[in-house]
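>
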Amino acid sequence: AWQRAAYRDLEKRTIRLLDDDGSVSSEQVNNALMQLRKIALHPYLFQESFPHDRNLYRTSGKLEALDRLLPKLLRFDHKVLVFSQFTSVLDILEAFLSWRGHACVRLDGQVSHEQRTERIARFRSDAGLRVFLLSARAGGLGLNLQAADTVVLFDLDWNPQNDKQAIARVHRVGQTKEVRVVRLVTDSAVERHIEQRCQEKLDLERKVMGAGMFRRQASTDQRRQALQAVLGLAQSSEGEVAAGGSLGSGGAGGVGELTPPDELNRSLARGDEELAAFRAMDAKLLKAPAGAEKPQGLAQELERCGRLISAEEVPRGFAGCGR
1 AWQRAAYRDL EKRTIRLLDD DGSVSSEQVN NALMQLRKIA LHPYLFQESF
51 PHDRNLYRTS GKLEALDRLL PKLLRFDHKV LVFSQFTSVL DILEAFLSWR
101 GHACVRLDGQ VSHEQRTERI ARFRSDAGLR VFLLSARAGG LGLNLQAADT
151 VVLFDLDWNP QNDKQAIARV HRVGQTKEVR VVRLVTDSAV ERHIEQRCQE
201 KLDLERKVMG AGMFRRQAST DQRRQALQAV LGLAQSSEGE VAAGGSLGSG
251 GAGGVGELTP PDELNRSLAR GDEELAAFRA MDAKLLKAPA GAEKPQGLAQ
301 ELERCGRLIS AEEVPRGFAG CGR
C-alpha cells in the first residue's frame, strides 16, 4: 500500500512535466526514472534510517516475497546468491537478514581484494552460511560461487547480459546441483519498461538508459516519449494521454497480480518432498483469521494476514518518498 500510494503520487507529479509548455531535460527524466525505480524496490530507500522490525518486509512487495522464499530454501540447505544494482538496497537486505537471524556475507565495490577472497572462501566452506549478498557490478564477473544453487535477482539491469553474468556465477564447471533463478519483478510501468528494453537486447555498447532517450543530445520530444514509456502512458485514438501501470506484482497491488504461491513453489522445489514442505509452510503462513472475508487476489490475502501493510498504515507524506 505504501509503495502503491508513493508510486502513484510520483506518477502524477511526473505527468505534470508532460503537460507543461517548458522543455523536459535529461536530468528530469533520469531523476523521475530513478525515483520510480526506488519506490518499486523499497520505500525505506528514501529514509536516512529505518526500524529493524517486521515492517522491513511488510512495506516492500519484493522483500515480502523474499521473506517467503528464503525459509523454504534454507530449510533444505540451499545456498542463495541475492544480487542488487544498488548498495543501498543491500543495506536494507543486510538489515533484514540480521533481523531474521539469517547469517550472510556481502560483496560490493567497497570490499577489498583480501576481504573478497576471505568472504568467498567462507561462503564455500561454512555450511551454516547460506546467503550471499552481492552488488551486480562487484559480483557479476570473475567469481566462482558454485556452492550456491539458487540466484535471486532483486532488481533489473538495463543490460540483460549483466544478469546473465550474475547467473553464471553458479553455472561453473563442477556444478552438480539443480540451479534455480528467481527474478523479482513488479508490475510497475518502470520495471515493465526496463524489462521491455532487456527483451529488445539493447546494444551493449550503449551505456545510456532507454537506447539513447536519456542522453543530453536527445530532443525534448524524445525525452517526453521516454517519460511516457517509463510511466506506462499511451496515446489514445483521440490523442489523449491515458495513464496506467501502477504497482501490482511484487506485493504493491494494482493492475497486475502476484505470482501464485504454488506456481512459485513448483518453480523452486527440487522434488516432491520439497514441494510438499513448501506448500505446508505457505498454508501456515497465509492462514486466514477467523471470520475473515475471502480475499480478492494474493495481494489482498497478504494484507489480510498482516504480511503487507494496509492503506491505513501508510505514513503521512510517505516519509519523503519521491520528494
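Here full-length UniProt numbering is used: the first residue of the sequence shown is 1, the next is one more, and so on.
Just so you know, even glycine gets a beta-carbon here, dropped at the ideal spot from N, CA and C.
1. In terms of residue numbering, what span does the alpha helix (DSSP H) encompassing C198 cover?
2. With H, G and I counted as helix, E and B as strand and the rest as coil, what does DSSP make of T176?
3. In this structure, how does DSSP classify R304 when only helix, strand and coil are distinguished?
4. Could you give the DSSP three-state label for L107: helix, strand or coil?
5. According to DSSP, what are the bridge partners of T150?
6. How is F132 classed by DSSP in three states: helix, strand or coil?
7. Excluding five sequence neighbours on each side, which residues of the same chain lie with their C-beta closer than 7 Å to the C-beta of L275?
8. Going by Cα to Cα distance, which pick from H193, A189, S135 is closest to R169?
9. Mind checking whether D53 and R307 have CB atoms under 9 Å apart?
10. Rounded to the nearest angstrom, how far is the Cβ of A40 from that of S188, given a contact under 8 Å?
11. Apart from the five residues just before and just after L56, which ones in its own chain have a Cβ nearer than 8 Å to its Cβ?
12. Helix, strand or coil, according to DSSP, for W158 in the structure here?
13. Please say whether L90 and D108 have beta carbons closer to each other than 9 Å?
14. Considering only C-alpha positions, which residue in the set H102, G128, L73, V131 is nearest to F278?
15. CB-CB under 7 Å to D157, same chain, minus the five flanking residues each way: which ones, in chain order?
16. Excluding the five sequence neighbours on either side, which residues of its own chain have a C-beta within less than 6 Å of the C-beta of S237, listed in chain order?
17. What are the boundary residues of the alpha helix (DSSP H) that D53 is part of?
18. How far does the alpha helix (DSSP H) with L286 in it extend, from its first residue to its last?
19. Tell me whether A269 sits in a helix, a strand or coil according to DSSP, three-state version.
20. Within 10 angstroms of the Cβ of A5, are there 16 or more other Cβ atoms? Answer buried if so, exposed if not.
21. Looking at the structure shown, is R169 part of a helix, part of a strand, or coil, going by DSSP?
22. Answer yes or no: do M281 and R75 have a C-beta to C-beta separation smaller than 9 Å?
23. Residues in the same chain with beta-carbon distance under 7 Å from R124, minus the five sequence neighbours each way, listed in chain order, please.
24. According to DSSP, is V89 helix, strand or coil?
25. Check whether the Cβ atoms of H171 and V182 sit closer than 9 Å, and answer yes or no.
26. Buried or exposed, going by whether 16 or more other CB atoms sit within 10 Å of the CB of P261?
Short version:
1. As a working mapping, residue 198 is identified with position 198 in the sequence shown. Per DSSP, C198 belongs to the alpha helix (DSSP H) from 189-199.
2. Locating residue 176 in the sequence shown gives position 176, counting from the first residue. Here T176 sits in coil by DSSP.
3. Taking the sequence shown and counting its residues from 1, one reaches residue 304 at position 304. Helix at R304.
4. Against the sequence shown, residue 107 aligns to sequence position 107. In the structure shown, L107 sits in a strand (DSSP, three-state: E or B).
5. Stepping through the sequence shown from its first residue, residue 150 is reached at position 150. Its beta-bridge partners are V80, R180.
6. Along the sequence shown, one-based indexing puts residue 132 at 132. Looking at F132 - three-state DSSP - the assignment turns out to be strand.
7. Along the sequence shown, one-based indexing puts residue 275 at 275. Cβ neighbours of L275 beyond the five flanking positions: N265, R266, A269.
8. In the sequence shown, counting from the first residue as 1, residue 169 sits at position 169. For R169, the nearest C-alpha among the options comes from S135.
9. Position 53 of the sequence shown, counted from the first residue, corresponds to residue 53. Position 307 of the sequence shown, counted from the first residue, corresponds to residue 307. No, these two residues do not count as a Cβ contact at 9 Å.
10. Mapped onto the sequence shown, residue 40 falls at position 40. Mapped onto the sequence shown, residue 188 falls at position 188. Indeed they touch by this definition, with Cβ atoms about 5 Å apart.
11. By 1-based counting over the sequence shown, the position of residue 56 is 56. Y44, F50, L63, I92, A95, F96, W99, listed in sequence order.
12. Numbered from its first residue, the sequence shown carries residue 158 at position 158. Coil, per DSSP.
13. As a position in the sequence shown, residue 108 is number 108, starting the count at 1. As a position in the sequence shown, residue 90 is number 90, starting the count at 1. Yes, Cβ-Cβ distance for D108 and L90 is below 9 Å.
14. Taking the first residue of the sequence shown as position 1, residue 278 is located at position 278. Nearest option by C-alpha distance: L73.
15. Translated into the one-based positions of the sequence shown, residue 157 becomes position 157. Q85, A136, D163, listed in sequence order.
16. Walking along the sequence shown from the start, residue 237 turns up at place 237. Annotation note: pLDDT 29 at S237 (below 50); position unreliable, coordinate value reported separately. Result list for S237: empty, nothing under 6 Å.
17. As a first step, residue 53 must be located in the sequence shown, where it is residue number 53. Element bounds for D53: n/a, residue is neither H nor E.
18. Counting from 1 along the sequence shown, the entry for residue 286 is found at position 286. Note, L286: premise wrong, no alpha helix (DSSP H); not H, not E.
19. Looking up residue 269 in the sequence shown gives position 269. Correct three-state label for A269: coil.
20. Locating residue 5 in the sequence shown gives position 5, counting from the first residue. It is buried - the Cβ of A5 has at least 16 other Cβ atoms within 10 Å.
21. Position 169 of the sequence shown, counted from the first residue, corresponds to residue 169. Note: R169 maps to coil in three-state DSSP.
22. To locate residue 281, count along the sequence shown from 1; it is residue 281. To locate residue 75, count along the sequence shown from 1; it is residue 75. Yes, Cβ-Cβ distance for M281 and R75 is below 9 Å.
23. Within the sequence shown, the letter at position 124 stands for residue 124. So the qualifying residues of the chain are A147.
24. As a first step, residue 89 is located in the sequence shown; it is residue number 89 there, counting from the start. Correct three-state label for V89: helix.
25. Position 171 of the sequence shown, counted from the start, is the residue given in the question as residue 171. Position 182 of the sequence shown, counted from the start, is the residue given in the question as residue 182. The answer is no: Cβ separation not under 9 Å.
26. Counting from one through the sequence shown, the residue named residue 261 turns up at place 261. Buried, by the Cβ-count rule.
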